[in-house]
Amino acid sequence: MSPKVSHTTDPPRIWWCATGPLAFLPIHTAGIYGKSAPGYNTSNYVVSSYTPTLNAIINATQPRELLRKFQGLLVVSQPNTPGQSPLPNTTVEMTHIKKHVLNKFVYPLEGSVGLVKSVIKGMESHSWVHLACHTVQNHAEPTKSTFCLHDGCLELSTIITKQFPHADFAFLSACQTATGDEKLSEEAVHLAAGLLLAGYHGVIATMWSIKDEDVPVITDHVYSELFSDTEPDSTKTALTLHHAVKRLREVKGVKYDSAFLSWVPFIHVGV
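Just so we're on the same page, the working numbering is the position in the sequence shown counted from 1, plus 33.
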């Protein structure tokens with residue numbers, strides 16, 4: 034590998050289909066870090082996505098599946114979910130999204146109006162969904178993993194049994210606050226895979242716990258770039274996340290960093 038990376042063109046795309054213990058590792062960040070070896074890491078050479086199975090990516094890349102028209106963005110924000118710790122920056126995420134996306138395309142469900150039935154209905158009528166809330170991962174029964182909403186839990190088992198005719202892209206700005214809990218390492222991987230099963234083509238998610246203050250930086254850049262064109266294109270979400278993570282590292286002033294917890298968790302799953 035050479036540390037000389039072109040800044041004029043975007044890196045090629047690669048899909049990681051990891052199994053066993055390897056699935057717990059952030060392969061998309063593999064490399065040598067430190068001032069003595071700048072540029073020797075995967076993210077400088079490729080745009081990474083993950084796929085839970087080969088069939089999932091083969092099915093999602095069929096031409097007919099990539100022609101889905103944008104049908105609006107459902108934004109669910111839960112800054113003060115009953116029984117959960119506050120997530121104040123979810124309101125900042127909402128502000129960033131509204132800054133970049135025209136009002137006629139945004140369907141916001143914030144705070145007390147973020148009810149289970151309302152979210153399901155919104156997912157049925159919109160092609161994109163942004164979920165900024167707590168989640169609970171059930172390792173004994175993965176389909177019982179949930180998104181924590183104002184009036185209760187939206188289980189993955191419920192999502193995968195529904196019909197979402199416009200489903201295209203999901204941004205899971207979600208994690209648990211028990212930082213250091215090893216069970217969090219699979220959080221977004223399982224939830225993201227479940228949303229692929231429900232019909233979504235691509236998902237931005239996290240591998241483990243994330244810092245509430247970091248997410249708005251990612252959100253701001255992702256939606257700024259995705260809505261810079263006349264027609265939002267979900268096939269650009271992996272590249273957009275790649276750019277957003279680079280921006281987060283710049284904002285935090287970490288060029289050859291060892292503070293991986295700020296940016297490593299963010300991943301793209303699917304097309």
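Where is the CB? At the ideal position from N, CA and C, for every residue including glycine.
Could you tell me the boundaries of the alpha helix (DSSP H) in which residue i lies?
i: V125; result: 122–133
i: F153; result: Per the sequence presented here, residue 153 reads as Ile, with Phe not at that position. Residues 149–158.
i: A238; result: No alpha helix (DSSP H) holds A238; the beta strand (DSSP E) holding it covers 235–239.
i: I300; result: Where I300 is concerned, there is no enclosing alpha helix (DSSP H), although the beta strand (DSSP E) it sits in stretches over 299–303.
i: S145; result: Note, S145: premise wrong, no alpha helix (DSSP H); not H, not E.
i: L259; result: 248–259
i: L55; result: First-last for L55: undefined, no H or E at that position.
What whole-angstrom Cβ distance do residue i and residue j have, given they're in contact under 8 Å?
i: P121; j: D245; result: 7 Å
i: K195; j: I130; result: Actually they do not touch by this definition, with Cβ atoms about 24 Å apart.
i: G235; j: H301; result: 7 Å
i: V250; j: V284; result: 6 Å
i: V255; j: A277; result: 5 Å
i: V134; j: L106; result: 6 Å
i: T179; j: V169; result: 5 Å
i: A231; j: F197; result: 6 Å
i: P141; j: V108; result: 5 Å
i: S82; j: A271; result: 5 Å
In terms of residue numbering, what span does the beta strand (DSSP E) encompassing residue i cover?
i: A5; result: In the structure as shown, the chain begins at 34 and stops at 304. Residue 5 is therefore absent and cannot be evaluated.
i: S242; result: Neither: S242 is in no beta strand (DSSP E) and is coded neither H nor E.
i: S81; result: 80–83
i: G185; result: 185–188
i: L274; result: Looking at the DSSP string, L274 is not in any beta strand (DSSP E); the run it does join, the alpha helix (DSSP H), is 270–284.
i: L229; result: Not the beta strand (DSSP E): L229 falls in the alpha helix (DSSP H), residues 220–230.
i: T179; result: 179–182
i: S110; result: 106–110
i: I65; result: Looking at the DSSP string, I65 is not in any beta strand (DSSP E), and its letter there is neither H nor E.
i: W49; result: 46–49
Cα-Cα, which of the options is closest to residue i?
i: I243; options: S151, L272, T263, S206; result: S206
i: G303; options: W48, S257, P44, D43; result: W48
i: R46; options: V297, H275, G286; result: H275
i: T252; options: T84, K279, P59; result: K279
i: L148; options: L182, K102, H167; result: L182
i: Q111; options: T191, E264, H167, S261; result: H167
i: H61; options: T268, M240, S261; result: M240
i: A173; options: D262, H223, A51; result: H223
i: P265; options: Y83, F138, N88, S82; result: F138
i: A89; options: N113, Y233, N136; result: Y233
i: A200; options: M156, C50, V80; result: M156
i: T273; options: A56, N74, E258; result: E258
i: T263; options: L229, I65, K102; result: K102
- Task: Report yes or no: do three or more beta-carbon pairs, one from the stretch 154–165 and one from the stretch 83–94, lie closer than 8 Å?
- Result: no
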